[in-house]
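Enquirer:
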């Protein structure tokens, strides 16, 4: 038998491009939307500088507030049909089925959440444009609107959710008299939850640092950020059988708009200098463009419900699969 000779494989030698694969995964997960990823640290606040983009003339506001559900095994974000007045919402119906059957945990996962979306640009500390690109920022209820039934003092800016800066200063996004934002972010622990604590502050009025071309080409259509799904499609998403609706990038950290009391009370160790964003400069890190952010800042986080002591003792009386079957038959 003739001896086989080694063949020349040099033409097959090549390198793989993992960066391109990561970019593709990011695009698939976010449907190509350029989500803003604030940088944070577990040890100290990291300052991120942003400017909210002005709204298009046909929009009512430069922000879009949307009630949403996070459905299925991948927590896909879809509009709550009931809260938006579009019709009966199968997610809400299933929630009440589970609630009435004693499945407190299952029902809690189907609660509608309030999300707010804004177009922003990244800026330097001096207000100049840091990146010729418009990003989509997503904030939860605590970050933008604050805690329910809470009265906020407009003079205590470190405690204010972002909406109250609009209330105090007017249109933060105005192309001529808007205000740059400093967003300080720090990783923290609140109970059983990993959270990102955020503090907002605003600089004096200044013109928008970008161009009309940047806005015309870069603004994301805020009214269409979150998918509106048909009821049957929502049920398929809950069951994990539907490809539709927006999927957020993976991440488990839940942002919070509030500062831990011990952080708020901490006194600076040295005489602070003044900042153009008001108040004193704190010892902090300034965010640079992250090579790979640990998470997308739009991770859902709403006010924590009080635990029902009965829930752990009483087994659920409702089978979710049977409840979905009943909803499908309607």
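In our numbering, the protein residues as written are 1 to 330.
Think of the CB as a built atom: it goes at the ideal place given N, C-alpha and C, for glycine as much as any other residue.
Quick caveat: nothing in here was measured; it's all calculated off a predicted structure.
In chain order, which continuous runs of the alpha helix (DSSP H) of length 4 or greater are located wholly inside the segment 166-242?
Expert: You should have 212-218 and 231-238.
Enquirer: Where do the ends of the alpha helix (DSSP H) carrying residue 106 lie?
Expert: Stepping through the chain shown from its first residue, residue 106 is reached at position 106. Here the alpha helix (DSSP H) through residue 106 covers 104-108.
Enquirer: Spell out the partners DSSP gives residue 117 in its beta bridges.
Expert: Here residue 117 refers to the residue found at position 117 of the chain shown. Residue 117 is bridged to 64 and 138.
Enquirer: Report the residue from 153, 212, 239 and 42 whose alpha carbon sits nearest the alpha carbon of residue 134.
Expert: Here residue 134 corresponds to residue number 134 of the chain shown, with the count starting at 1. Looking at the Cα atoms, 212 is the closest of the given residues.
Enquirer: Just the C-alpha distance for residue 122 and residue 202, rounded to the nearest angstrom, thanks.
Expert: As a working note, residue 122 is residue 122 in the chain shown. As a working note, residue 202 is residue 202 in the chain shown. Cα-Cα distance, rounded: 14 Å.
Enquirer: Decide if residue 148 is buried, meaning its Cβ has at least 16 other Cβ atoms within 10 Å, or exposed.
Expert: Here residue 148 refers to the residue found at position 148 when the chain shown is read from its first residue. Looking at its Cβ environment, which holds fewer than 16 other Cβ atoms inside 10 Å, residue 148 is exposed.
Enquirer: If you follow the alpha helix (DSSP H) that residue 95 is part of, which residue opens it and which one closes it?
Expert: Numbered from its first residue, the chain shown carries residue 95 at position 95. Looking at the DSSP string, the run of the alpha helix (DSSP H) that includes residue 95 is 90-100.
Enquirer: Taking 8 Å as the cut-off, does the segment 94-105 touch the segment 52-67 (at least 3 CB pairs, one atom from each stretch)?
Expert: Because the criterion of three Cβ pairs below 8 Å is not met, the segment 52-67 and the segment 94-105 do not touch.
Enquirer: Count the other CB atoms, across all protein chains shown, that sit within 10 Å of the CB of residue 343; report buried if there are 16 or more and exposed otherwise.
Expert: Past the edges of the chain, shown from 1 to 330, lies residue 343, and the structure says nothing about it.
Enquirer: Could you tell me whether the segment 181-188 touches the segment 214-226, using the rule of 3 or more Cβ pairs below 8 Å?
Expert: They do not touch, by the three-pair rule.
Enquirer: Pick helix, strand or coil for residue 10, following the three-state DSSP scheme.
Expert: Position 10 of the chain shown, counted from the start, is the residue given in the question as residue 10. DSSP places residue 10 in helix when its eight states are reduced to three.
Enquirer: Quick check: residue 117 and residue 64, are their CB atoms within less than 7 Å of each other?
Expert: Within the chain shown, residue 117 is the residue found at index 117, counting from 1. Within the chain shown, residue 64 is the residue found at index 64, counting from 1. Their beta carbons are under 7 Å apart, which means residue 117 touches residue 64 by this criterion.
Enquirer: Write down the C-beta distance between residue 92 and residue 73 rounded to the nearest angstrom, noting that I regard them as a contact closer than 8 Å.
Expert: Mapped onto the chain shown, residue 92 falls at position 92. Mapped onto the chain shown, residue 73 falls at position 73. 20 Å between Cβ atoms; not a contact.
Enquirer: Output needed for residue 234: all residues of its chain with C-beta closer than 7 Å, excluding positions within five of it in sequence on either side, in chain order.
Expert: As a working note, residue 234 is residue 234 in the chain shown. Only 71, 78, 90 and 91 meet the Cβ criterion.
Enquirer: In the DSSP assignment, find the unbroken beta strand (DSSP E) run with residue 76 in it and report its ends.
Expert: Stepping through the chain shown from its first residue, residue 76 is reached at position 76. Here the beta strand (DSSP E) through residue 76 covers 76-79.
Enquirer: Between residue 136 and residue 104, what straight-line distance do the alpha-carbon atoms span, to the nearest angstrom?
Expert: Numbered from its first residue, the chain shown carries residue 136 at position 136. Numbered from its first residue, the chain shown carries residue 104 at position 104. Rounded to whole angstroms, residue 136 to residue 104 spans 33 Å at the Cα level.
Enquirer: Out of curiosity, what's the CA-to-CA distance linking residue 48 and residue 223?
Expert: In the chain shown, the residue the question calls residue 48 occupies position 48. In the chain shown, the residue the question calls residue 223 occupies position 223. Near 26 Å, if we compare the C-alpha coordinates of residue 223 and residue 48.
Enquirer: Residues bridged to residue 129 by DSSP?
Expert: On the chain shown, residue 129 is found 129 positions in, with the first residue counted as 1. Partner(s): 123.
Enquirer: Can you give the beta carbon distance from residue 181 to residue 168, rounded, assuming they're within the 8 Å contact cut?
Expert: As a first step, residue 181 must be located in the chain shown, where it is residue number 181. As a first step, residue 168 must be located in the chain shown, where it is residue number 168. Not really, about 13 Å apart at Cβ, beyond 8 Å.
Enquirer: Is the Cβ-Cβ distance between residue 172 and residue 166 less than 7 Å?
Expert: Position 172 of the chain shown, counted from the start, is the residue given in the question as residue 172. Position 166 of the chain shown, counted from the start, is the residue given in the question as residue 166. Yes.
Enquirer: Return the CA-CA distance between residue 174 and residue 210, expressed in angstroms with no decimal places.
Expert: For this step, residue 174 is matched to residue 174 along the chain shown. For this step, residue 210 is matched to residue 210 along the chain shown. Answer to the nearest angstrom: the Cα atoms are 12 Å apart.
Enquirer: Does the Cβ-Cβ distance between residue 195 and residue 68 come in under 7 Å?
Expert: As a first step, residue 195 is located in the chain shown; it is residue number 195 there, counting from the start. As a first step, residue 68 is located in the chain shown; it is residue number 68 there, counting from the start. In this structure, residue 68 does not lie closer than 7 Å to residue 195 by Cβ.
Enquirer: For residue 220 and residue 85, I'd like the C-alpha separation in whole angstroms.
Expert: As a first step, residue 220 is located in the chain shown; it is residue number 220 there, counting from the start. As a first step, residue 85 is located in the chain shown; it is residue number 85 there, counting from the start. Looking at the two C-alpha atoms, the distance is approximately 24 Å.
Enquirer: Looking at residue 115 and residue 107, is the spacing between their C-beta atoms short of 7 Å?
Expert: As a first step, residue 107 must be located in the chain shown, where it is residue number 107. As a first step, residue 115 must be located in the chain shown, where it is residue number 115. No, Cβ-Cβ distance for residue 107 and residue 115 is not below 7 Å.
Enquirer: What whole-angstrom Cβ distance do residue 228 and residue 76 have, given they're in contact under 8 Å?
Expert: As a first step, residue 228 must be located in the chain shown, where it is residue number 228. As a first step, residue 76 must be located in the chain shown, where it is residue number 76. The Cβ separation is near 13 Å, so there is no contact.
Enquirer: Go to residue 47, then tell me how far its beta strand (DSSP E) extends in each direction, as first and last residue.
Expert: Translated into the one-based positions of the chain shown, residue 47 becomes position 47. Where residue 47 is concerned, the enclosing beta strand (DSSP E) stretches over 46-52.
Enquirer: Give the single residue among 241, 177, 159 and 198 whose Cα lies nearest to the Cα of residue 207.
Expert: For this step, residue 207 is matched to residue 207 along the chain shown. Nearest option by C-alpha distance: 177.
Enquirer: Within 10 angstroms of the Cβ of residue 37, are there 16 or more other Cβ atoms? Answer buried if so, exposed if not.
Expert: Position 37 of the chain shown, counting from 1, holds the residue named residue 37. By the neighbour-count rule (16 or more Cβ atoms within 10 Å), residue 37 is buried.
Enquirer: Assign residue 40 to buried or exposed, taking buried as 16 or more other Cβ atoms, counted over all protein chains shown, within 10 Å of its Cβ.
Expert: Your numbering for residue 40 matches position 40 in the chain shown. By the neighbour-count rule (16 or more Cβ atoms within 10 Å), residue 40 is buried.
Enquirer: Round the Cβ separation of residue 125 and residue 198 to the nearest angstrom and send it over; I've been treating them as touching at under 8 Å.
Expert: For this step, residue 125 is matched to residue 125 along the chain shown. For this step, residue 198 is matched to residue 198 along the chain shown. Rounded, the Cβ-Cβ distance is 18 Å, inconsistent with contact.
Enquirer: Would you grab the beta carbon distance between residue 160 and residue 200 for me? Rounded to a whole angstrom, and I think it's under 8 Å.
Expert: The residue you call residue 160 lines up with position 160 of the chain shown. The residue you call residue 200 lines up with position 200 of the chain shown. Contact holds; Cβ gap of about 6 Å.
Enquirer: Between residue 331 and residue 33, what straight-line distance do the alpha-carbon atoms span, to the nearest angstrom?
Expert: With the chain represented from 1 up to 330, any question about residue 331 goes unanswered, as that position is not in the structure.
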